[in-house]
Amino acid sequence: AVADAVRCRVSVGTAESLTGGLIAGALTSVPGSSAVVRGGVVSYAAEVKESLLGVPPATVRDEGVVSAETACAMAEGARRQLGCDVSVAVTGIAGPGGAEPGKPVGTVWMALATASGTEAFEFCFAGTRQQVREQTVNAALERIRCAVVAVSE
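Now the structure itself:
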């Protein structure tokens with residue numbers, strides 16, 4: 005993802021909940037990442053999603069923190085706050101607890117925001133807490149790569 009961003013000169017940012025900064029960590033572990041990675045926000049608490057990323061409290065209240073709407077608002081907020089071309093946001097239930105009706109452990113909502121719009125994706129990962137987080141990071145890196153290539157075309 006980072007190599008594509010550097011090659012395409014597309015800046016990237018993150019807003020993370022369940023991954024706690026792992027996506028930003030993966031992006032910045034690549035030499036040359038400072039040319040394109042603008043930053044990341046770890047917004048574990050709903051209040052941080054609201055205050056730093058501008059997620060409307062009504063969205064959190066009505067849709068929940070694990071929802072397409074919240075993920076989209078997080079991605080849009082990160083893109084705005086970080087001034088990047090592409091932002092990714094993730095929110096979900098890594099487990100082992102935290103399941104809700106209709107939202108089992110492993111439910112993850114991811115959103116990507118670019119100048120042309122915001123798109124949300126739902127994933128249902130299986131495994132331990134760490135495995136759910138790792139699968140989320142891998143999915144995010146792949147989505148970022150695709151978005152970077154699309155933005156640069």
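Counting along the sequence shown from 1, when you hit position 74 you're at 78 in my numbering, and nothing is skipped either side. Beta carbons: idealized from backbone N, C-alpha and C, even for Gly.
Tell me whether the beta-carbon of residue i lies closer than 8 Å to the beta-carbon of residue j.
{"i": "V183", "j": "V16", "result": "The structure shown does not extend to residue 183, since the chain is modelled only from 5 through 157, so no value can be given for it."}
{"i": "V40", "j": "V6", "result": "yes"}
{"i": "T111", "j": "I97", "result": "yes"}
{"i": "T23", "j": "V94", "result": "yes"}
{"i": "T18", "j": "A82", "result": "yes"}
{"i": "G87", "j": "R13", "result": "no"}
If you drop the 5 nearest sequence neighbours on each side, which residues of the same chain put their C-beta closer than 7 Å to that of residue i?
{"i": "A151", "result": "V90, L116, T118"}
{"i": "A130", "result": "G110"}
Can you give the Cα-Cα distance for residue i and residue j, rounded to whole angstroms?
{"i": "E51", "j": "C76", "result": "16 Å"}
{"i": "I27", "j": "Y48", "result": "14 Å"}
{"i": "L56", "j": "R137", "result": "22 Å"}
{"i": "S38", "j": "F127", "result": "29 Å"}
{"i": "Q85", "j": "E20", "result": "14 Å"}
{"i": "G58", "j": "A144", "result": "21 Å"}
{"i": "E104", "j": "V155", "result": "36 Å"}
{"i": "V153", "j": "L31", "result": "16 Å"}
Below 8 Å CB to CB, which residues in the same chain sit around residue i once its five sequence neighbours on both sides are set aside?
{"i": "E147", "result": "Contrary to the premise, residue 147 reads as Arg rather than Glu in this sequence. Closer than 8 Å at Cβ, skipping near neighbours: V92, M114, L116, F125."}
{"i": "G99", "result": "V109, G110, T132, R133, V136"}
Would you decide whether residue i is buried or exposed? Buried here means 16 or more other CB atoms lie within 10 Å of its CB.
{"i": "G121", "result": "exposed"}
{"i": "E157", "result": "exposed"}
{"i": "G36", "result": "exposed"}
{"i": "R11", "result": "exposed"}
{"i": "A79", "result": "buried"}
I'd like the list of long-range same chain contacts for residue i, defined as Cβ closer than 6 Å, with 5 residues on each side in sequence excluded.
{"i": "E123", "result": "L116"}
{"i": "P61", "result": "E54"}
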